[in-house]
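The block underneath contains the structure these notes are about, expressed in structure tokens.
There are 2 protein chains.
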Amino acid sequence: MKKYFFFIVVGAFFVTQLLVAQEVPKELENIISPEIHADQTVTFRFFAPKADSVQLTADFLPPVKVMSRFGIVDGPGTVNLMKDKNGLWTYTSKTLDSELYSYTFVVDGIKTNDPNSPYALRNSASLTNVFIIGNGRGDFYLTKDVAHGTLTHGWYLSAGLKMNRRVTVYTPAGYEQSTEKYPVLYLLHGAGGDEDSWSAHGRAIQILDNLIAQGKAKPMIVVMPNGNVVQDAGYGFGRDGFYKPQFLLPRSMNGEYEANFMDIVNYVEKTYRVKATKENRAIAGLSMGGFHTMHISRFYPNTFDYVGLFSAALVPREDATGKVYRNLDETLKVQKDNGFKLYYIAIGKDDFLYQANVDFRKKLDGMGLKYEYVETGEGHIWKLWRIYLADFAPKLFR
Amino acid sequence: MKKYFFFIVVGAFFVTQLLVAQEVPKELENIISPEIHADQTVTFRFFAPKADSVQLTADFLPPVKVMSRFGIVDGPGTVNLMKDKNGLWTYTSKTLDSELYSYTFVVDGIKTNDPNSPYALRNSASLTNVFIIGNGRGDFYLTKDVAHGTLTHGWYLSAGLKMNRRVTVYTPAGYEQSTEKYPVLYLLHGAGGDEDSWSAHGRAIQILDNLIAQGKAKPMIVVMPNGNVVQDAGYGFGRDGFYKPQFLLPRSMNGEYEANFMDIVNYVEKTYRVKATKENRAIAGLSMGGFHTMHISRFYPNTFDYVGLFSAALVPREDATGKVYRNLDETLKVQKDNGFKLYYIAIGKDDFLYQANVDFRKKLDGMGLKYEYVETGEGHIWKLWRIYLADFAPKLFR
Numbered sequence: 005m006k007k008y009f010f011f012i013v014v015g016a017f018f019v020t021q022l023l024v025a026q027e028v029p030k031e032l033e034n035i036i037s038p039e040i041h042a043d044q045t046v047t048f049r050f051f052a053p054k055a056d057s058v059q060l061t062a063d064f065l066p067p068v069k070v071m072s073r074f075g076i077v078d079g080p081g082t083v084n085l086m087k088d089k090n091g092l093w094t095y096t097s098k099t100l101d102s103e104l105y106s107y108t109f110v111v112d113g114i115k116t117n118d119p120n121s122p123y124a125l126r127n128s129a130s131l132t133n134v135f136i137i138g139n140g141r142g143d144f145y146l147t148k149d150v151a152h153g154t155l156t157h158g159w160y161l162s163a164g165l166k167m168n169r170r171v172t173v174y175t176p177a178g179y180e181q182s183t184e185k186y187p188v189l190y191l192l193h194g195a196g197g198d199e200d201s202w203s204a205h206g207r208a209i210q211i212l213d214n215l216i217a218q219g220k221a222k223p224m225i226v227v228m229p230n231g232n233v234v235q236d237a238g239y240g241f242g243r244d245g246f247y248k249p250q251f252l253l254p255r256s257m258n259g260e261y262e263a264n265f266m267d268i269v270n271y272v273e274k275t276y277r278v279k280a281t282k283e284n285r286a287i288a289g290l291s292m293g294g295f296h297t298m299h300i301s302r303f304y305p306n307t308f309d310y311v312g313l314f315s316a317a318l319v320p321r322e323d324a325t326g327k328v329y330r331n332l333d334e335t336l337k338v339q340k341d342n343g344f345k346l347y348y349i350a351i352g353k354d355d356f357l358y359q360a361n362v363d364f365r366k367k368l369d370g371m372g373l374k375y376e377y378v379e380t381g382e383g384h385i386w387k388l389w390r391i392y393l394a395d396f397a398p399k400l401f402r
Numbered sequence: 005m006k007k008y009f010f011f012i013v014v015g016a017f018f019v020t021q022l023l024v025a026q027e028v029p030k031e032l033e034n035i036i037s038p039e040i041h042a043d044q045t046v047t048f049r050f051f052a053p054k055a056d057s058v059q060l061t062a063d064f065l066p067p068v069k070v071m072s073r074f075g076i077v078d079g080p081g082t083v084n085l086m087k088d089k090n091g092l093w094t095y096t097s098k099t100l101d102s103e104l105y106s107y108t109f110v111v112d113g114i115k116t117n118d119p120n121s122p123y124a125l126r127n128s129a130s131l132t133n134v135f136i137i138g139n140g141r142g143d144f145y146l147t148k149d150v151a152h153g154t155l156t157h158g159w160y161l162s163a164g165l166k167m168n169r170r171v172t173v174y175t176p177a178g179y180e181q182s183t184e185k186y187p188v189l190y191l192l193h194g195a196g197g198d199e200d201s202w203s204a205h206g207r208a209i210q211i212l213d214n215l216i217a218q219g220k221a222k223p224m225i226v227v228m229p230n231g232n233v234v235q236d237a238g239y240g241f242g243r244d245g246f247y248k249p250q251f252l253l254p255r256s257m258n259g260e261y262e263a264n265f266m267d268i269v270n271y272v273e274k275t276y277r278v279k280a281t282k283e284n285r286a287i288a289g290l291s292m293g294g295f296h297t298m299h300i301s302r303f304y305p306n307t308f309d310y311v312g313l314f315s316a317a318l319v320p321r322e323d324a325t326g327k328v329y330r331n332l333d334e335t336l337k338v339q340k341d342n343g344f345k346l347y348y349i350a351i352g353k354d355d356f357l358y359q360a361n362v363d364f365r366k367k368l369d370g371m372g373l374k375y376e377y378v379e380t381g382e383g384h385i386w387k388l389w390r391i392y393l394a395d396f397a398p399k400l401f402r
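For the protein sequence lines, the chains are A and B, in the order given.
Numbered by the numbering used here, the letters in the first sequence go through residues 5 to 402 in order.
Numbered by the numbering used here, the letters in the second sequence go through residues 5 to 402 in order.
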């Protein structure tokens with residue numbers, strides 16, 4: 005066979021990149037950003053010879069106090085990058101703890117993603133870059149060289165909501181090769197989220213793979229549905245096409261989701277090899293998903309043996325008019341009397357929902373419903389929800 | 005139940021957005037970009053009061069001639085946006101054909117994603133925004149209100165490559181509810197791609213859902229493996245973490261992938277309900293994946309009844325030293341003599357691989373191996389690979 009050199013161009017956008025590359029000095033052709041060093045400092049780089057200022061906004065920088073409609077809250081900090089003679093701007097962080105971090109650049113006042121990293125997650129309508137530092141808690145969020153579970157994006161028919169709805173399902177390593185039946189954790193997202201939030205921001209796949217590989221959690225199926233009843237699927241995956249995401253969709257907390265939750269359970273129990281009993285069903289959720297979890301678990305009060313409320317939005321709402329929300333105290337008492345294995349409540353001290361959780365725990369104390377309580381620092385952030393999941397999952401199905 | 009108003013903040017990044025919002029005049033609080041109008045013109049908007057220039061780079065603009073190491077090629081065109089008194093820059097396109105389009109902004113010389121759209125695909129190391137115009141061919145790329153197949157990201161053990169490797173699998177609507185067995189299309193990506201390319205850039209899920217719903221294609225399983233033997237998974241999904249993507253990975257075209265392809269077929273035929281016969285196996289690929297397809301289909305010359313080469317990189321390479329590449333003519337003749345249902349070759353007239361495909365067809369003509377040939381306009385772009393898939397899939401398993 006003759007030997008030639010051969011080149012490939014993939015698409016017009018690669019050509020754009022060549023074009024840009026021609027303007028860049030040789031030593032800048034392969035800019036690495038972010039670069040994580042062995043000492044867990046991180047260097048950020050941005051090539052912008054004509055810019056007057058390049059800043060980094062990141063959740064590991066000292067937070068700034070921000071006036072918002074919720075009062076004064078912590079916002080991510082900002083720091084200036086320094087420009088060299090070639091127009092390359094750089095900043096190196098102090099040593100960072102092992103964690104998943106988020107950042108963006110601000111170039112002459114305009115928020116910009118890192119052009120040298122495609123790793124970004126959606127936050128409302130825009131994308132935010134992410135990176136992970138290992139050697140500690142962050143190892144749980146990395147895809148390690150262990151046996152991997154399978155991630156499935158399927159669709160179930162919701163008879164109640166009268167539509168096919170997208171649902172994300174994790175089956176643990178070995179599921180395909182075995183004939184065993186598995187317990188199921190239903191894991192619910194918060195406002196602004198969808199069926200991809202726990203696998204994206206939440207790193208639920210990596211957390212479960214790693215916990216199961218270490219023998220710390222039982223092999224389980226994890227079902228991540230979409231809690232917004234006006235959507236058939238998360239932004240970009242449904243029949244409404246590519247439209248601008250908004251924070252809180254209408255009807256997400258009016259009872260329709262909770263009242264139709266059994267459509268999801270029935271689909272899962274028909275489609276997957278599951279142990280379809282109360283002691284093999286768990287449900288947990290963050291923020292709005294914690295609100296959903298509390299209501300679903302007491303509205304179907306003999307269905308779930310494990311309940312997890314992560315920074316739960318346990319506050320009554322004006323639009324909470326559905327029949328699901330009636331008789332809160334009575335149904336909680338039925339749930340208590342029916343018995344369960346674990347009622348888990350976790351929240352950060354700085355969460356704006358902290359007091360709502362204090363009030364809810366008082367109610368549970370008053371009726372003698374026993375729960376496990378985890379109080380951490382910090383507020384209403386994904387970092388905590390990953391930590392709560394990694395703490396909660398090992399307690400299930402024991 | 006008492007009724008309060010209640011607010012939720014999800015994470016520090018939402019607060020950033022509030023902060024930015026405070027600087028924005030009221031009428032600019034919900035910028036829509038891109039906005040697709042009924043007449044199929046599209047308005048792009050970018051808020052940048054301090055910028056001196058904002059440009060749009062897009063694949064629907066008149067292309068510019070670009071000097072690259074492949075000679076003079078077409079690059080995406082660029083156009084200036086106009087600034088209003090509030091600092092909002094806008095541009096409205098002419099009427100566009102129904103299609104999936106890509107674009108980015110360039111703000112004072114810096115390439116920037118659209119901050120008002122999270123819909124972006126990875127191209128090498130960076131992200132490029134996308135949108136779809138329906139009412140024509142683009143309808144095939146939209147998630148329509150039809151029965152949906154399931155998308156699965158699983159892992160197979162490659163004994164030959166000695167690692168667990170990620171693979172993306174589409175099962176058609178109804179798969180979970182039936183006991184039927186299905187035929188399988190193996191669909192291979194090009195250089196710079198991975199196991200997510202066909203479901204992301206290629207819209208393969210939507211194309212198959214829509215073709216099957218319309219009765220134009222038979223229900224089939226589509227298997228989208230990773231063709232880079234140095235990776236266990238695409239960028240960000242494997243054991244190497246988040247690292248900077250490069251265009252062509254080493255060892256992707258040295259024969260190792262083709263020689264170990266049966267590890268994938270065996271996994272699929274063990275894991276899914278498939279018809280495991282030659283007449284129920286198809287293989288197709290774009291560019292490097294077309295090169296893989298040609299070699300796999302003749303190296304295992306009695307395995308696939310349907311073969312599709314989309315803009316195939318049918319050019320010998322210096323690193324193509326594997327045993328797979330020996331005896332090309334002899335094994336093609338064996339493949340021909342064994343018989344097959346369809347050998348499909350498609351390419352654009354402006355493709356830099358056009359002449360290589362002319363030469364390959366001459367070889368096939370010389371040996372009397374009959375193929376179906378589709379020649380289109382344009383070059384080496386995803387638009388054509390989506391069109392070729394939508395043309396090829398209906399011909400399978402008839």
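Note that the Cβ used here is the ideal one computed from N, Cα and C, for glycine as well.
Which residue comes first and which comes last in the beta strand (DSSP E) that contains residue i?
i	result
SER301(B)	Counting along the chain, SER301(B) falls outside any beta strand (DSSP E), though it belongs to the alpha helix (DSSP H) covering 292 to 303.
PHE314(A)	310 to 314
LEU92(B)	92 to 96
THR175(A)	167 to 175
Compute the distance between the beta-carbons of residue i and residue j, then report whether it is under 7 Å.
i	j	result
LEU404(A)	LEU32(A)	Because chain A spans 5 through 402 in this model, residue 404(A) falls outside it and cannot be assessed.
LEU357(B)	ALA317(B)	yes
TYR261(A)	VAL227(A)	no
SER106(B)	GLY140(B)	no
PRO229(B)	ILE268(B)	yes
GLN44(A)	ILE137(A)	yes
GLY326(A)	GLY259(A)	yes
PRO122(A)	LEU85(B)	no
PHE303(A)	VAL328(A)	yes
ALA129(B)	ASN120(A)	yes
ASN214(A)	PHE144(A)	yes
PHE48(A)	TYR95(A)	yes
TYR392(A)	LYS345(A)	no
PRO305(A)	THR335(A)	yes
Does DSSP put residue i in a helix, a strand or coil?
i	result
PHE401(A)	coil
LYS54(A)	coil
GLU283(B)	helix
GLY276(B)	The question names Gly, but residue 276(B) in the sequence shown is Tyr. Note: TYR276(B) maps to coil in three-state DSSP.
PHE364(B)	helix
TYR375(A)	coil
ASP78(A)	strand
GLN26(B)	Only weak support exists for where GLN26(B) lies, its pLDDT of 44 falling under 50; the value from the coordinates is given anyway. It is helical.
ILE40(A)	strand
LEU32(A)	helix
GLY289(B)	strand
GLY158(B)	strand
ASN84(B)	strand
Note the first and the last residue of the continuous alpha helix (DSSP H) segment covering residue i.
i	result
GLU260(A)	260 to 263
TYR392(B)	386 to 396
Report the CB separation of residue i from residue j in whole angstroms; it is logged as a contact under 8 Å.
i	j	result
PHE396(A)	ASN284(A)	At roughly 16 Å, the Cβ-Cβ gap does not stay under 8 Å, so PHE396(A) and ASN284(A) are not in contact.
Tell me the start and end of each unbroken beta strand (DSSP E) in the region 317 to 362 of chain A that is at least 3 residues and wholly inside, in chain order. As for any beta strand (DSSP E) of minimum length 3 sitting wholly inside the region 317 to 362 of chain A, the runs are 346 to 352, ordered along the chain.
Alpha helix (DSSP H) runs contained entirely in the region 180 to 264 of chain B, provided each spans 4 or more residues: For the region 180 to 264 of chain B, whole alpha helix (DSSP H) runs of length 4 or above, ordered along the chain, are 201 to 204, 208 to 217 and 260 to 263.
Return the chain-ordered ranges of every beta strand (DSSP E) run that is complete within the region 105 to 155 of chain B and spans a minimum of 3 residues. The region 105 to 155 of chain B contains these whole beta strand (DSSP E) runs: 114 to 116, 124 to 127 and 130 to 136.
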